[in-house]
Amino acid sequence: MHVSVMLEEAITALDIIPNGIYIDATLGRAGHSQSIIKKLTDGKLIGIDKDLEALEASKEILGESAILVHDSFSNIDEILKGLEIDKINGILFDLGVSSPQFDKKERGFSYRFDAKLDMRMDQTQKLSAYEVVNEYDEDQLINILKTYSDERYAKGIVRNIIERRPIKTTFQLVDCIRDAYPFHARKKGHPAKKTFQAIRMEVNNELKDIEKGIRESIDHLEVGGRIVVITFHSVEDRLVKEIFNEYATPKKVDPRIPVPLEEEKLNFKWIHKVLKPSKKEIELNNRAHSAILRCIERTDEDGKNR
3 MHVSVMLEEA
13 ITALDIIPNG
23 IYIDATLGRA
33 GHSQSIIKKL
43 TDGKLIGIDK
53 DLEALEASKE
63 ILGESAILVH
73 DSFSNIDEIL
83 KGLEIDKING
93 ILFDLGVSSP
103 QFDKKERGFS
113 YRFDAKLDMR
123 MDQTQKLSAY
133 EVVNEYDEDQ
143 LINILKTYSD
153 ERYAKGIVRN
163 IIERRPIKTT
173 FQLVDCIRDA
183 YPFHARKKGH
193 PAKKTFQAIR
203 MEVNNELKDI
213 EKGIRESIDH
223 LEVGGRIVVI
233 TFHSVEDRLV
243 KEIFNEYATP
253 KKVDPRIPVP
263 LEEEKLNFKW
273 IHKVLKPSKK
283 EIELNNRAHS
293 AILRCIERTD
303 EDGKNR
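For the sequence shown, my numbering gives the first residue as 3, with consecutive numbering after it.
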């Protein structure tokens with residue numbers, strides 16, 4: 003069963019108005035969406051997911067109360083254009099893999115189950131973990147592991163992968179990873195965690211999609227509209243923080259410059275720079291332990307967007 007992380011905090015951060023237009027960019031099993039709909043009267047909710055299984059499950063839960071779209075949240079411009087909508091009052095991104103995706107072994111997301119290498123959120127796409135693991139060259143794989151997960155033992159892991167190809171299953175991949183880890187490092191959690199994260203992010207084009215989706219969403223926000231993002235690891239959180247800083251944090255002026263600069267006008271403000279789940283939530287749902295929520299609000303149409 004999927005339990006939405008930081009549900010109350012996310013809904014509060016959106017500051018929902020009853021007649022507003024809102025997007026749940028990562029619909030999943032509609033946990034957040036159900037709470038959004040309860041606060042709407044004649045407003046609209048658009049739910050987006052590239053996982054058809056998630057969309058079907060959400061359709062049963064939400065019925066006709068939401069507009070459901072099978073697409074990537076990186077295509078916000080196209081989605082809104084198709085719906086003849088320009089401005090929205092809020093959007094929520096709950097990043098990462100949902101519990102049903104992790105727990106369904108045939109999806110190949112988890113190192114806990116033996117399954118074919120897959121990891122596709124959109125099962126209609128061609129690229130899967132199998133192609134990444136077996137067809138990428140050594141330099142590409144090392145770069146993925148270092149960039150997407152800061153994997154310290156990337157070279158050894160990739161060396162094992164190259165030598166043992168073809169790697170067909172998750173457990174074969176786990177063996178390549180475990181054998182590259184020194185014994186003392188295996189005590190700090192499952193050695194496959196970072197590599198599986200990195201490969202999943204490559205398969206699903208996650209960082210590029212996150213950046214494109216957030217930037218396009220920002221362009222469509224009404225004054226007073228908010229964008230809320232929940233991240234689950236440092237790589238994606240760092241990206242979100244950098245993007246939000248561009249819009250909501252004034253540039254630092256070099257104190258050595260004697261000439262006063264024109265005051266910078268920003269049209270966004272921070273609502274939450276860092277908000278973490280409560281201890282109680284973490285106790286009830288351990289998957290929430292690494293979550294970070296960030297939120298900014300549009301304050302002015304005429305301010306300078308960079």
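Positions of the beta carbon are idealized from the N, C-alpha and C atoms, including for glycine.
Remember, predicted model here, so these are calculated numbers, not experimental data.
State the DSSP-derived secondary structure class of residue i, mapped to helix, strand or coil.
i: T251; result: coil
i: V242; result: helix
i: E133; result: helix
i: H192; result: coil
i: R180; result: helix
i: T197; result: helix
i: V7; result: coil
i: T149; result: helix
i: L42; result: coil
i: D302; result: coil
Here's the rule: buried if 16 or more other CB atoms are within 10 angstroms of the residue's CB, otherwise exposed. What is residue i?
i: F198; result: buried
i: G305; result: Confidence at G305 is low in this model, with a pLDDT of 46, below 50, so the placement of that residue is unreliable and no value is reported for it.
i: L295; result: buried
i: R308; result: Low per-residue confidence applies at R308: pLDDT is 32, beneath 50, and the placement is therefore not dependable, though the value from the model is reported in the following sentence. The residue in question, R308, is exposed, as its Cβ has fewer than 16 Cβ neighbours within 10 Å.
i: Q142; result: exposed
i: F75; result: buried
i: V237; result: buried
i: N52; result: The identity of residue 52 in the sequence shown is Lys, whereas the question assumes Asn. Answer is buried; the Cβ neighbour count reaches 16.
i: G226; result: exposed
i: F185; result: exposed
i: N26; result: Just to set this straight, residue 26 is Asp in the shown sequence, not Asn. Counting Cβ neighbours within 10 Å, D26 comes out buried, since at least 16 surround it.
i: S280; result: exposed
i: D44; result: exposed
i: D96; result: buried
i: R166; result: exposed
i: L286; result: exposed
i: K196; result: buried
i: E208; result: buried
i: G65; result: exposed
i: A187; result: exposed
i: N288; result: exposed
i: E283; result: buried
Any chance the CB of residue i is under 8 Å from a heavy atom of the ligand PLP?
i: I229; result: As presented, the structure is devoid of all ligands, the ligand PLP included, so that no description of it is given.
Looking at the strands, I want to know which residues DSSP matches up with residue i.
i: I69; result: I48
i: I25; result: I48 and I93
i: V230; result: L94 and C297
i: L223; result: I90
i: T1; result: Since the first residue of the chain shown is 3 and the last is 308, residue 1 is not available in this structure.
Within the 9 Å Cβ cut-off, does residue i reach chain C?
i: S280; result: Structure shown: chain C not included; a single protein chain is present.
**Item:** Inter-stretch contact (C-beta, 8 Å, three-pair minimum) for the region 113-128 and the region 57-70
**Value:** no
**Prompt:** Can at least three beta-carbon pairs, one atom from the region 163-173 and one from the region 81-90, be found at a separation below 8 Å?
**Reply:** Cβ pair count under 8 Å is below three, so no.
**Message:** To test your reading of the DSSP string, which unbroken beta strand (DSSP E) runs of 3 or more residues are found completely within the region 75-125?
**Reply:** 90-96
**Message:** List, from N- to C-terminal side, the beta strand (DSSP E) runs of 3 residues or more that fit wholly inside the region 263-299.
**Reply:** Runs found: 270-277.
**Asked** Does the region 106-121 come close enough to the region 230-244 that 3 or more CB-CB pairs lie under 8 Å?
**Response** no
**Message:** Is it the case that the region 207-227 contacts the region 273-287, given that we only count it when at least three CB pairs across the two stretches are under 8 Å?
**Reply:** No, because fewer than three Cβ pairs between the region 273-287 and the region 207-227 fall closer than 8 Å, the two stretches do not touch.
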